[in-house]
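Line by line, the protein sequences give chains E and U. Here the first sequence is numbered in the working numbering, starting from 509 and rising by one per residue. Here the second sequence is numbered in the working numbering, starting from 509 and rising by one per residue. Presented below is the structure to which this report refers.
Number of protein chains: 2
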Amino acid sequence: MSIHARPTLEDVAARAGVSRATASRVLNSSPRVSPEALEAVTAAVSELGYQPNRAARALVTRRTGAVAVVFSEPEPKIFDDPHFARLIRAGARALADVDVQMVLMLVHSPDDQARAHRFLAGGHVDGALVFAPHQNDQLVSIVKKLPLPVVYAGKPWGPLRGLHLVDNDNEGGAVLATEHLRSLGRKKIVHVTGPLDELSAIDRLSGFKSAMGIDDKAVAKLTADGGFTKQGGRKAMTELMAKVPDLDAVFVASDLMAAGALEALQEAGKRIPEDVAVVGFDDHVAIAEHTEPPLTSVRQDSDQQVKHMVAHLMKLVREEPVKQKREMLPTTLVRRESA
Amino acid sequence: MSIHARPTLEDVAARAGVSRATASRVLNSSPRVSPEALEAVTAAVSELGYQPNRAARALVTRRTGAVAVVFSEPEPKIFDDPHFARLIRAGARALADVDVQMVLMLVHSPDDQARAHRFLAGGHVDGALVFAPHQNDQLVSIVKKLPLPVVYAGKPWGPLRGLHLVDNDNEGGAVLATEHLRSLGRKKIVHVTGPLDELSAIDRLSGFKSAMGIDDKAVAKLTADGGFTKQGGRKAMTELMAKVPDLDAVFVASDLMAAGALEALQEAGKRIPEDVAVVGFDDHVAIAEHTEPPLTSVRQDSDQQVKHMVAHLMKLVREEPVKQKREMLPTTLVRRESA
DNA sequence: AGCCCGATTGGGATCGTTTTCATAGGGAGT
DNA sequence: ACTCCCTATGAAAACGATCCCAATCGGGCT
C-alpha cells in the first residue's frame, strides 16, 4: 500500500499476520475466529484507519448498502409543513445509525414517478421507505410491483395485503383527544379533519366519531376539512363557527391546522380555553409550544416511527423473519393550556 | 443470464455481437467506436433494459457516484425554516439529474461532526456540498483538511483561499432593497439584520450601509438583530420602533423575520405600506405571497444556486478545469404590496 | 499409536465493470 | 506491391471485498 492510498483489507490482513479471509471474518463478526486473530485484526484496522470499500463489498454481496426514502406529495407541501423536514431528518439519522446510505427522492410529477420507477427497478438500492399517503397515488401501484423490500409510513391507499408498514395509532389518538374534551365537560365538540384522501385523516375522523358515539350523518354536521394546512384550518374553523354557533370545543387533526383554527377563533372573540377548548394532533413542538395559548395535542413520535420503519426494512433486506407486517405505534395526549 | 437476474454488460455485448469492451465504450460514449457497433449496443441495451451496476463501476473507476450534502446548523432551525426544505429538495433534484446519489447529512452535535468526518474521509462519496454559514463552525475546519472536492453554499467563515463556493449577491440585493425604499421617498429607513455570525447577514448589512451612505456608528442606531427567525424579527422590529420612533421604512434581511416584523408593526398600529414600507429578503414564495400585505422582497434563487453548486462540484470531481472558484449569483427585487 | 472430529485458517474464484495493450484490417503514400 | 498509420476491436488484468472449499492442527478416543 502506497503512502496515500487507502488501506485495503489485504493491508489489514498483512499487518495482522493473517489472511484476507480471516480479516474479512473479523469484520463481519463471524464466530469462527480465534481470539488472537480477532485482536490482531481489530488492532490492525484501527492502526491503519481502515474502512471497507463499499463498492467492492456491494459487488460481491449483491447489496448496495443504500435505501431510498421516497416522498410522494404534490409539489408545494414539502416546503410548508415542518412535518416533512422532521421525517427527512429522522430518516437521515436512523439510516446513518445502521450505516446505510439514504437516497432521498421527492416525487411530485409523473416525470418524477417514471424516474423513481427506473431508479428503484434498477437495483440501485436494497429497499425503500415510502411516504405516500394520498389516494390513487400512482407511485404506490408502481412500487408494489417491484421486487424490492418496501416499508410504508402509515397506510397507503388500497389493499394492504402483503404490505409492510409502520403506522401511528391515529384512531386511538383521536379517541384520546375527544374523550379528554368530554372529560372537561364540553358538550358541543367539533372536528377539523385533514384531507379525506389520506387515511390518517380518515382514521382520526373515525376515532372522533366513535368517541362521540355518533353516526355518519351526525358527524357531517360537526366537521369541516382543513386540508392539513394552516390556511385550511383557519377556514374550516370559521365554517364550523357558522355551522355550530354554540360549539365549546374543537379537535383539530393537525397542529398546523390548529394554529390556523386558533387564529380564527380568537378573531371571532373566543377565549381559549374558556370559551372553546382546542386539541391538536402531532404534538409538533415548534408549533404547539408557540401558539397562544400553548396547544394541547396528541403526540405521535415521528422519530420513533421512522426508526421502526428502518429497523423493519433492514430485516426485510437481510431476509430475517419479521413478527408482523404491520406495526402500530401508540399515541399519547400532551396537555398544555388550550384544553 | 438467467430469467430473473439483471442483465450484465456481458449479456448486452453478446446480444449486440460485440465484446464487453466495445459495449463499455458505447456506454461511456467513447469516440472510438463504429456507428454499427454503437447502434447494435444501443439497441441491445434498451431491449434488455440494461442498467449498469453501480458497484462494479465504482470499484474500478474509484468513484462512488455519490456526493454528500451537508447541513451544519444548530438543531432547531432546520425544522422551522422552509429555506432548508427548499435547499434539500433542490439538491435532491439537481443531483438526480446528473445521476448521482445524494447522501444527506445533518450535522448538529460534535458527535455528528465526528461521524461526518469519518464518513467523508472514508471515501464513501466523491465530493460534498456544504451548507455551513456560521462563524467558528468546527465542521468547516474539518472539511477543509479533507482531500475531497467541496463546494460551499455562500461564504463560510474564515479565509476563503482555495475554497470553491457559489454565493448569492447579498450585498447587491441589500443595495437594491434599500435604494428602492429611498426611491419611494422614505427618509427614516431601518434594518433588521440576520445573526451577525453569518456572512450572508453581514453582507446584507453592508449593502444597507453603503446604500444609505452612512458609517458604522450611524448604522448601529438603525439596526437590530433578528436572528433569522420569525420571533426574532418581531422582537427586533419592536426594538427598532422604540429606538427610532419616526421610522418610515424597514429592510428586513429575511422573509421569515419580515413576517414577524409585520406583525409587530401592525400591532403597533402602523399601516403597511402607508406608514412603514417593508422589504424582505429571500423571496420565499410560501411566505412572501401570504403575508398581509404581500411582501416586497429581494429574490435569490436557491434552486439555481444549488444547481450551480452541483455543476461546479461535478467539474471538480471529474477534474475538469473550472473557470473561477467563486461564483456569484445575481439577486433581483420582486415588488409586491408592502413597499 | 492411530484415527476422527471440530475448530480455524488460507487459497482462490467470483461479483460486473473499466481500461490497457496488442492485434486485425484497411486506406494512403511511395 | 510494400510499408506505415490510424481506427475499431477483443482478451485479459485490474478494482477490493465475500465466501466456498480444502487443508491444517490439536485433542480426545479407542
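Note that CB positions come from ideal geometry on N, CA and C, so glycine has one too. The structure displayed is predicted, hence computed values, not measured ones.
Straight-line measurement puts the Cα of V793(E) at about 15 Å from the Cα of A761(E). By the Cβ criterion, the segment 780–794 of chain E is in contact with the segment 755–772 of chain E, since at least three pairs of Cβ atoms, one from each stretch, lie closer than 8 Å. At a cut-off of 8 Å between beta-carbon atoms, V700(U) makes no contact with chain E. Taking D519(U) as reference, the option from D607(U), E555(U), S542(U), S538(U) with the minimal CA-CA separation is E555(U). For I596(E), the nearest beta carbon of chain U is closer than 8 Å to its own beta carbon. Contact between T804(U) and R843(U) holds, with the beta-carbon distance rounding to 5 Å and staying under 8 Å. Interface residue (Cβ-Cβ distance to chain E less than 8 Å): G630(U) is classified as such.
Not a single C-beta of chain U is nearer than 8 Å to the C-beta of V526(E).
Closest in alpha carbon position to V659(U), among D645(U), S810(U), D675(U), N644(U), is D675(U). Two segments are said to touch when three or more pairs of C-beta atoms, one from each, lie closer than 8 Å; by this definition the segment 610–630 of chain E does not touch the segment 833–843 of chain E. In the same chain as L656(E), and ignoring 5 residues on each side of it, the C-beta atoms closer than 7 Å to its own belong to L628, G635, A636, in chain order.
When rounded, the separation of the alpha-carbon atoms in I710(U) and A744(U) is 16 Å.
Between the segment 687–703 of chain E and the segment 723–740 of chain E, the count of C-beta pairs closer than 8 Å reaches three or more; the two stretches touch. Within the DSSP secondary-structure output, T839(E) pairs in no beta bridge. Within chain E, no residue has its CB atom less than 9 Å from the CB of R844(U), the nearest being about 18 Å off. Per the Cβ contact rule, the segment 664–672 of chain E is in contact with the segment 638–655 of chain E (3 or more Cβ pairs under 8 Å). When beta bridges are read from the DSSP output, A574(U) appears opposite Q609(U). Comparing C-alpha distances from D790(E) to each of S708(E), V825(E), A726(E) shows the shortest one belongs to S708(E).
Taking 8 Å as the CB threshold, T530(E) stays off the interface with chain U. Bridge partners of V727(U) according to DSSP: none are assigned. Per DSSP, the unbroken beta strand (DSSP E) holding A785(E) starts and ends at 785–790. Contact between R514(E) and G631(U) is confirmed by a C-beta separation of about 6 Å, below the 8 Å threshold. Taking 8 Å as the threshold, the shortest C-beta distance from V760(E) to chain U does not fall below it.
Pairing T686(U) with L755(U), the inter-Cα distance amounts to about 14 Å.
Neighbourhood of F592(U) in chain E, by CB distance below 7 Å: A593, in chain order. When DSSP reads this structure, E706(E) sits in a beta bridge with H642(E). According to the DSSP assignment, R514(U) belongs to no alpha helix (DSSP H), since it is labelled neither H nor E. L612(E) belongs to the set of residues whose beta carbon lies under 8 Å from a beta carbon in chain U. Checking the DSSP bridge columns, you'll see T701(E) partnered with D733(E). DSSP lists V700(U) as the bridge partner or partners of V760(U). C-alpha of G681(U) to C-alpha of Q808(U): approximately 8 Å in a straight line. At least one CB of chain E lies nearer than 8 Å to the CB of T572(U).
For L556(E), the closest Cβ of chain U is not nearer than 8 Å.
Assignment of beta-bridge partners to N676(U) by DSSP yields L837(U). Checking the DSSP bridge columns, you'll see A685(E) has no partner listed. In the three-state reduction of the DSSP assignment, A636(E) falls in the strand class.
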